[in-house]
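**Q** Could you have a look at this structure, given as structure tokens, before my questions?
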Amino acid sequence: MGKRVKWTRRVGLIIYTIIFASPLIWLLTSTLKLPNQIFMQPPQWIPNPITFNNYIQAVKVIPFFTYLKNTIIISVFSTIGVVLSSITPAYALARMNFRGKRLAFYILLGTMFLPFPAIMIPTYLIFAKLGWTGSFLPLIVPSFVGDAFSIFLLRQFYVRLPSELLDAARVDGASEWQILGYVVVPLSRAAIATVAVLNFTFMWSDFVRPLLYLNETERYTLSIGLQNYQEHHATSWHLALSATVLFMIPIFLTFWAAQRTFISGLTLGSLKE
Amino acid sequence: MFKHLKTMSGAMLILILALTACVSKASPTAEPTQPQPTQPQPTEPPKTKVTINFWHANTEAAEGPPMAEIIAAFNKIHPEIEVKQLWDTPLDKAMAAITAGNSPDLIIQWGPQFVGSWANAGALEPLDDYLKRGDVDPNDFIPGILGSTTYKDKIYGLPFGTDMSMLIYNADHFKAAGLDPEKPPMTTEELLQYAEKLTKVENGEITQIGWLPNYAWTHVAGDGSISVRFGPTFFHEDGTPGFDDPRWVEVFDFAKWVFDKYGIDNVKRFVSGFGEYGTAQDAICSGKLSMIYDGEWYTNFIKKNCPNLNYRVVPFPYPSKHPELKNNWEMGGTTVIMPAKAPHKEEAWQFLAFMQQPENIAKFCLSSTLGNIPHTLKALALYDNYKSNLPADFKYFIDLAKTGQAVVIPASPISDEYFTELSKTEEQIYNGTVSVEDGLKDLQKRLMDIYNQKVSK
Amino acid sequence: MGRAHKFLPWFFLSPWLIGLVAFTIIPILATLYYSFTRYNFFTPPSWVGLDNYSNLMVDPEFWKSLGNTLYLTLIGVPLSLGYAFLSAVALNQSFRGVGFLRALFYLPSVIPPVAAAVTWAWVLNPQYGIVNSVLHLIGIRGPIWFFDPDWSKPGLILLMLWCSGGFIIIYLAGLQDISQSLYEAAELDGASPLQILWFITWPMVSSVTMFNLIIGLLGGLQYFTQAYVISAPNTAGVSTPGAPMSSLLFLAMQLYIKAFKRLEMGAASAMAWVLFLISVILIGLLLRRYKWESE
């Protein structure tokens, strides 16, 4: 490829990226303006003066830290649950032999594609009859009984583990538990981290389940809290947008720290063998 | 050999224990249900301390201060009944909690519209037997207001404050448009003429709009309703919806004027840039809207957000065809209900009856944080004691409540669908996708279908 | 494998099996059962046979929500894939800092959907949003986006494209698997970049496309959050679900309202079952063309 073509491609990409990122830039600059400057036409690109007051106001008006605390609790505990409950089924489906293994795998695949609305009502009713609605339990407990997608991811990883390692351990007289604990889990730390990060992000961002199960504002997560605020104060843009930025920050940080884990997780699942 | 298994399951156990501890500590403290007596008990106060749960749709900032005073006074008479309050709990959240088995004893909600469908579903406790005791005088209520909470001849809720709307307009805009601010529009036709003068269009874009029929608390029906001035039938005597009444055509012919004249896209475009209602960026405060038909709390907002605004408050115009309707106002406001699954009905009634005493109604409604219209005649008479809490023009609202003709939308099991379908038809009419007559015919048909389905017994 | 306990695999599987029964199989069957009843939670369910389904067939709101959902799924998802593919091709360069650019493209897909929706409600604000302001600069009067029934779904598709970072990354991985020699051979034969793209690159990532398509369709059929966030506020005087003019009413949203606001759980369950069947058929058809390794 000619050098000029290469440079055109490069510059083109950079321009494209800037256009692509402009909603985020626009979001940010809007939050740094005075409330009535937001309603200016033509819009100012660079806020003048720059004010952080909107953020201070937003945190006062929206119980940000309460919502943050709730979101952390739900995300952390359900991530722990998913990790703990996905390892053994994934290993069984990948490396153990038993009657019905293929059927079980197909069922797993099938449930991966189950739309949540199809089971929403009875699941809600189960929790209502248990008296758990309004608490965090409906959001956390299901994680402890396996997540199809996580099991699938780990299974794909375990299938590719070199058999020699496992066979060698068996020849040495190790039980399946020991193989799992001493060989497989340590080897799959990256994949487990991927499962953890993906689930954490999903639970953090989830809207439908908290909408269903949480009633009191003190229990709201950030998603529900932000949506609830925006529903009633949509045009107080300076506050709604500031709250949005605050809401995005923890995810930005997680993403920054765990970029490769996110990306490898996606490719783990997608590549055909 | 099982080292990892042990650690894993141990960790899981600890987690689950911790979770249940966290959750149960943070659970709302509704008392365990006790066996319910089928008749209301005689008025002998129980000996043990009882906590009743009272859920509010509104915020603590608005209803908290007057409630605190009322509860303090209540506890002087009933020290054994503790009232625990929860705020910011709108209807669907309350309903969700009740379905989970966590029912409060009393709920106070905006609007009486939900009473019909909840009563129909068996979710509310009828209050007729309690009212027979005589602590609360239903005849003192503004005539007709109980119609909104009466379903199948039983009373399922009691109002607690009602609302009233008047026309509030920007006097400076009037002057700039060549109108005399001391001569407000008297008829609906005049209102539209004024609106035309007050609307400014520059380069094809609206920069100021005179009047909107669907902004904030202005509605065709239900709260701040325009239709009371035209007198259409909301529901027929037999409970079926009344959109076959030709007066609805008059209502919508009036309402859709703005959209026909300026184009709905242009109006929506302009309105999409409004700041939040009730703040300093509000449409009235920022001079984008000239006239608004809004409730008695609105002048309080103006005082707080744009005190320099030169405004007037007058009754909303009447159609020249129906001058007899010029003092009609639609009753709405807040309603208190007792859920059918309330654990402490007797104590809840004690508190509700106390709340309904005139001085407590006045204390609540006329507090400076709230500003509602009291719903009983005796409480209305106490306005002078509280008028320093509120802006001077609140007086206009009170006077109209005392002298005007109150209209109420009767409770109906399809009230939810009634207003949703009405909104949909309203949207279609304003968008021009359907004519007024066709839209109303279709609305009536849809609602009749819903009515027949729901009320098939 | 000789010494493995016969039941050990089942023990390993047990967490998943418990969840499968309790939170998948039982609810699916329960939904089917409820769909034949009238149930409002306060009173026990009463059998009504196929009434819910026949009512659904004549319910204009159902057809509207189905139409909206299919619009987004069958138009928005393929557009997202095409867009993601082209973006991946553009990002498939190597120079210092390209990693940062790729991360930027991926970022919006990680942002919580509520946050992304609020952001775009502002981006597409008719009066002050950046899109209309830029259009204004070049002399075009932009549409009123989320306030116009004809432009609200296209607005959502724009949001969808912006959040297709996951697809982009997966495509990138697929692109990087294509051997250079293929390109070199094509260039030698005199193929233009466009021809290379169409005849070589695109077919070589077809398995990735299939995977993305399945995931995308599944998401499209359940689409809820973003539409809910954008249509819920009562701005511009409208408070009906899926405003404006039900253009943002999707199946999952209609289901939610029917079940939890109207307490018509029987009717909602019928809708849920219909959604389930549609998903099974669509995704089943696709899956058959994309076989998974089972051993």
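Chains as they are written, first to last, in this note's numbering: chain A, 612 to 884; chain B, 29 to 485; chain C, 966 to 1260.
C-beta atoms are modelled at their ideal positions from N, C-alpha and C, and glycine is treated no differently.
(1) Taking the straight line between their C-alpha atoms, what separation do you get for B:P269 and B:L471?
(2) Kindly give me the distance between the Cβ atoms of A:L750 and A:P821, rounded to whole angstroms, as I take these residues to be in contact under 8 Å.
(3) Check distances from the C-beta atoms of the segment 121 to 148 of chain B to those of chain A and list, in chain order, the residues that come in under 7 Å.
(4) Classify B:E88 as helix, strand or coil using the three-state DSSP reduction.
(5) If you draw a straight line from the alpha carbon of A:E829 to that of A:V819, how long is it in whole angstroms?
(6) Give the single residue among B:I80, B:A125, B:V286 and B:A96 whose Cα lies nearest to the Cα of B:T397.
(7) Please give me, in chain order, every unbroken run of the beta strand (DSSP E) with length at least 3 that falls completely inside the segment 654 to 740 of chain A.
(8) Whole angstroms is fine: what's the gap from B:R474's alpha carbon to B:E449's?
(9) Could you tell me the boundaries of the beta strand (DSSP E) in which B:I10 lies?
(10) Distance, Cα to Cα, C:A1086 vs C:L1216?
(11) Does DSSP put B:D310 in a helix, in a strand, or in coil?
(12) Could you tell me the alpha carbon to alpha carbon distance between C:L994 and B:Y346, rounded to whole angstroms?
(13) C:I1095 and A:S697 look like a contact to me (Cβ under 8 Å); what is the Cβ gap, rounded to whole Å?
(14) Between C:P1114 and the rest of its own chain, which residues show a CB-CB distance below 7 Å, the 5 nearest in sequence each way excluded?
(15) Which residue spans inside the segment 1092 to 1132 of chain C form an unbroken alpha helix (DSSP H) run of at least 4?
(16) According to DSSP, is B:N356 part of a helix, a strand, or is it coil?
(17) Taking 7 Å as the limit between beta carbons, can you name the residues of its chain near C:L1031, skipping five residues before and five after?
(18) Which bits of chain C does B:R297 rub up against, with CB to CB less than 7 Å?
(19) Under the rule that 16 or more other beta-carbon atoms within 10 Å means buried, what is C:E1149, buried or exposed?
(20) Against chain A, with Cβ distances strictly below 8 Å, would B:T362 count as a contact?
(21) Would you list, in chain order, the members of the segment 300 to 327 of chain B that have their beta-carbon closer than 7 Å to a beta-carbon of chain A?
(22) In the DSSP assignment, find the unbroken alpha helix (DSSP H) run with B:D466 in it and report its ends.
(23) Give a yes or no on whether the minimum CB-CB distance between A:F566 and chain B is below 8 Å.
(24) Is the segment 254 to 263 of chain B touching the segment 428 to 438 of chain B, taking contact as three or more C-beta pairs under 8 Å?
(25) By the criterion of Cβ-Cβ separation under 7 Å, what are the contact partners of A:A851 in chain C?
(26) For a test of the three-state rule: what should DSSP assign to B:T362, helix, strand or coil?
(27) Using the Cβ count rule (16 or more neighbours within 10 Å means buried), how would you classify B:N231?
(28) Please list the terminal residues of the continuous beta strand (DSSP E) segment that includes C:R1067.
(29) Following the continuous alpha helix (DSSP H) through C:N1177, name the residue where it begins and the one where it ends.
(30) In the DSSP assignment, what residue or residues form a beta bridge with B:Q113?
(31) Looking at the secondary structure, which residues open and close the alpha helix (DSSP H) in which B:D281 lies?
(32) Among B:L353, B:G399 and B:Y458, which one has its Cα closest to the Cα of B:N86?
(33) Within its chain, find whatever has a CB closer than 7 Å to the CB of C:W914; leave out the 5 residues flanking it on each side and keep chain order.
(34) Suppose contacts are defined by Cβ-Cβ distances below 8 Å. Is A:G721 in contact with C:P980 by that definition?
(35) Compile a chain-ordered list of the residues in the segment 708 to 739 of chain A whose CB is closer than 7 Å to at least one CB of chain B.
(36) For B:D427, return the contacting residues in chain A, with the cut-off set at a CB-CB distance below 9 Å.
**A** Per the coordinate set shown:
(1) As a working mapping, residue 269 of chain B is identified with position 241 in the second sequence. As a working mapping, residue 471 of chain B is identified with position 443 in the second sequence. Each residue's Cα considered, the two are about 9 Å apart.
(2) Here residue 750 of chain A refers to the residue found at position 139 of the first sequence. Here residue 821 of chain A refers to the residue found at position 210 of the first sequence. Confirmed, about 7 Å.
(3) K121, A124, A125, T127, A128, G129 and N130
(4) The residue labelled residue 88 of chain B in the question sits at position 60 within the second sequence. B:E88: helix per DSSP, three-state reduction.
(5) In the first sequence, the residue the question calls residue 829 of chain A occupies position 218. In the first sequence, the residue the question calls residue 819 of chain A occupies position 208. Each residue's Cα considered, the two are about 18 Å apart.
(6) Along the second sequence, one-based indexing puts residue 397 of chain B at 369. Ranking B:I80, B:A125, B:V286 and B:A96 by Cα distance to B:T397 puts B:A96 first.
(7) none
(8) By 1-based counting over the second sequence, the position of residue 474 of chain B is 446. By 1-based counting over the second sequence, the position of residue 449 of chain B is 421. For B:R474 and B:E449, the distance between alpha carbons rounds to 8 Å.
(9) With chain B covering only 29 through 485, there is no way to say anything about residue 10 of chain B.
(10) Counting from 1 along the third sequence, the entry for residue 1086 of chain C is found at position 121. Counting from 1 along the third sequence, the entry for residue 1216 of chain C is found at position 251. Roughly 21 Å between the two C-alpha positions.
(11) For the purposes of this step, residue 310 of chain B is identified with residue 282 of the second sequence, where counting begins at 1. Coil at B:D310, not helix or strand.
(12) Within the third sequence, residue 994 of chain C is the residue found at index 29, counting from 1. Within the second sequence, residue 346 of chain B is the residue found at index 318, counting from 1. Whole-angstrom Cα-Cα distance: 58 Å.
(13) Position 130 of the third sequence holds residue 1095 of chain C. Position 86 of the first sequence holds residue 697 of chain A. Their Cβ separation, rounded to whole angstroms, is 42 Å, which puts C:I1095 and A:S697 out of contact at 8 Å.
(14) Against the third sequence, residue 1114 of chain C aligns to sequence position 149. Taken in chain order, the residues that qualify are P1209, M1210 and S1212.
(15) 1095 to 1102 and 1117 to 1127
(16) Start at 1 with the first residue of the second sequence, and residue 356 of chain B comes out as number 328. In the structure shown, B:N356 sits in a strand (DSSP, three-state: E or B).
(17) Against the third sequence, residue 1031 of chain C aligns to sequence position 66. Result list for C:L1031: L1216, in chain order.
(18) Taking the first residue of the second sequence as 1, we reach residue 297 of chain B at position 269. Within chain C, the residues near B:R297 are P1091, Q1092 and I1109.
(19) Within the third sequence, the letter at position 184 stands for residue 1149 of chain C. The residue is exposed, with fewer than 16 neighbouring Cβ atoms inside 10 Å.
(20) Counting from 1 along the second sequence, the entry for residue 362 of chain B is found at position 334. False, the Cβ-Cβ gap to chain A never drops below 8 Å.
(21) G301, F302, G303, E304, T307 and Q309
(22) The residue labelled residue 466 of chain B in the question sits at position 438 within the second sequence. Run containing B:D466: V464 to K482, per the alpha helix (DSSP H) assignment.
(23) Because chain A here runs from 612 to 884, residue 566 of chain A falls outside it and cannot be looked at.
(24) yes
(25) The residue labelled residue 851 of chain A in the question sits at position 240 within the first sequence. In chain order: V1083.
(26) Residue 362 of chain B sits at position 334 when you count from the first residue of the second sequence. It is a strand residue.
(27) For the purposes of this step, residue 231 of chain B is taken as residue 203 along the second sequence, with counting starting at 1. B:N231 is exposed by the Cβ-count criterion.
(28) The sequence position of residue 1067 of chain C within the third sequence is 102, counting from 1. That residue, C:R1067, is in no beta strand (DSSP E); its alpha helix (DSSP H) goes V1063 to V1075.
(29) As a first step, residue 1177 of chain C must be located in the third sequence, where it is residue number 212. Start and end: S1171 to L1186.
(30) Sequence index remark: in the second sequence, residue 113 of chain B carries index 85 (1-based). Paired residue(s): B:F82.
(31) Here residue 281 of chain B refers to the residue found at position 253 when the second sequence is read from its first residue. First-last of the alpha helix (DSSP H) with B:D281: R275 to A283.
(32) Reading the second sequence from its first residue, position 58 is the one you call residue 86 of chain B. Out of B:L353, B:G399 and B:Y458, B:G399 has the C-alpha closest to the C-alpha of B:N86.
(33) Residue numbering for chain C in the displayed model covers 966 to 1260; residue 914 of chain C lies beyond these limits and cannot be assessed.
(34) Mapped onto the first sequence, residue 721 of chain A falls at position 110. Mapped onto the third sequence, residue 980 of chain C falls at position 15. In this structure, C:P980 does not lie closer than 8 Å to A:G721 by Cβ.
(35) A739
(36) Indexing the second sequence from 1 puts residue 427 of chain B at position 399. Correct list: empty, because the minimum Cβ distance to chain A is about 32 Å.
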